[in-house]
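K.L.:
Got a structure for you, written out below as structure tokens; questions coming shortly.
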Amino acid sequence: MPIVIPSAITRNPERSRERILVAAFKEFVAKGFAGARVDTIARNASINKRMLYHYFGDKEALFREVLRRKMAEREAWGLATPDSPAESLPYWFDLACQDKGWVRLLEWEALQFAEGELIDEERRRNSAGEAVKRILRRQSLGHLSGEFQAPQILLAMLALTWFPVAFPQLTKLITGKAPSGGNFLREQREFLKRFAKAFEAKATHYKSAGTVRANGRAKFK
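To get the working numbering, take the position in the sequence shown, counting from 1, and add 7.
Pasting the structure below:
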């Protein structure tokens, strides 16, 4: 049965592209890159496949565009990350809970591409490099410990905050609680706040040591 395309959509390329990208993200999240069907994406976007190819070229180009949109969104969230680890870990955890589709998409990619070359790998490597630089900046400002390398801190923070979303079945087996339940979410946020001390810089205790600053120099009471 032919797809009926509303005239308003055909006259608005930006809206058509948006509908395609939304439908594509859902399809890639559900089936991964290999299992996703362009026919399904076109049908869910209420557009014919020929127009989809006109806007994006092929499935790989469409996947690349979906990734770039999500990366831009995640970068904006990364820039808004609080400097304090006690605030940033719960913040990242909340973002992961709100954006489960992104975590699922990365899980599919891990299964389907393993350690091979990734789609849009160079751009994504640059994006990851910027995230590492943000960790380095927070270390230089004394918000994060300098004992660990920035890439290791970033990996550890991602593992702590993304694991319950990526592996809800293991989370439930380990904790005995549904990872989407209110009790688990509250307890996990509290745990992350307390565990964040492992990432804090050690030499930030002037006030607790009873110091006052005068004429640019620290003096002990």
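A virtual CB, placed ideally from N, CA and C, is assigned to each residue, including glycine.
Cα separation between Arg24 and Val36?
P.N.:
Rounded to the nearest angstrom, the two C-alpha atoms are 18 Å apart.
K.L.:
From Phe191 to Arg76, what does the alpha carbon distance come to, in whole angstroms?
P.N.:
The alpha-carbon atoms of Phe191 and Arg76 are separated by roughly 30 Å.
K.L.:
In the segment 113-186, which residue ranges form an unbroken alpha helix (DSSP H) of at least 4 residues, counting only runs that do not cross its ends?
P.N.:
Here the runs fully enclosed are 128-147, 157-173, 175-182.
K.L.:
Got a sec? Which residues, its chain only, sit under 7 Å from Lys179 by beta carbon, not counting five neighbours each side?
P.N.:
Excluding residues within five positions, the ones whose Cβ falls inside 7 Å are Ala185, Pro186.
K.L.:
Confirm, please, whether the CB-CB distance from Ala121 to Val110 is below 9 Å.
P.N.:
For Val110 and Ala121, no; Cβs fall outside 9 Å.
K.L.:
Taking the beta carbon of Arg145 as the centre, do at least 16 other beta carbons fall within 10 Å, making it buried, or is it exposed?
P.N.:
Answer is buried; the Cβ neighbour count reaches 16.
K.L.:
Span of the alpha helix (DSSP H) holding Pro97?
P.N.:
Per DSSP, Pro97 belongs to the alpha helix (DSSP H) from 92-105.
K.L.:
Taking the Cβ atom as the reference point for each residue, do Phe40 and Lys66 lie within a distance shorter than 9 Å?
P.N.:
For Phe40 and Lys66, yes; Cβs fall inside 9 Å.
K.L.:
Measuring only the C-alpha atoms, how far is Ile48 from Gly123?
P.N.:
The alpha-carbon atoms of Ile48 and Gly123 are separated by roughly 26 Å.
K.L.:
DSSP state of Thr88, grouped into three classes?
P.N.:
DSSP places Thr88 in coil when its eight states are reduced to three.
K.L.:
Cβ of Arg141 within 9 Å of Cβ of Leu74?
P.N.:
For Arg141 and Leu74, no; Cβs fall outside 9 Å.
K.L.:
Tell me the residue span of the alpha helix (DSSP H) that contains Lys33.
P.N.:
Note, Lys33: alpha helix (DSSP H), 20-42.
K.L.:
Quick check: what's the CA-CA separation for Val219 versus Leu148?
P.N.:
Note that Val219 has pLDDT 37, beneath the 50 cutoff, so the model's placement of it is unreliable and the number below is only indicative. Taking the straight line joining both Cα atoms gives about 20 Å.
K.L.:
Output the boundary residues of the alpha helix (DSSP H) element that contains Lys200.
P.N.:
Note, Lys200: alpha helix (DSSP H), 189-202.
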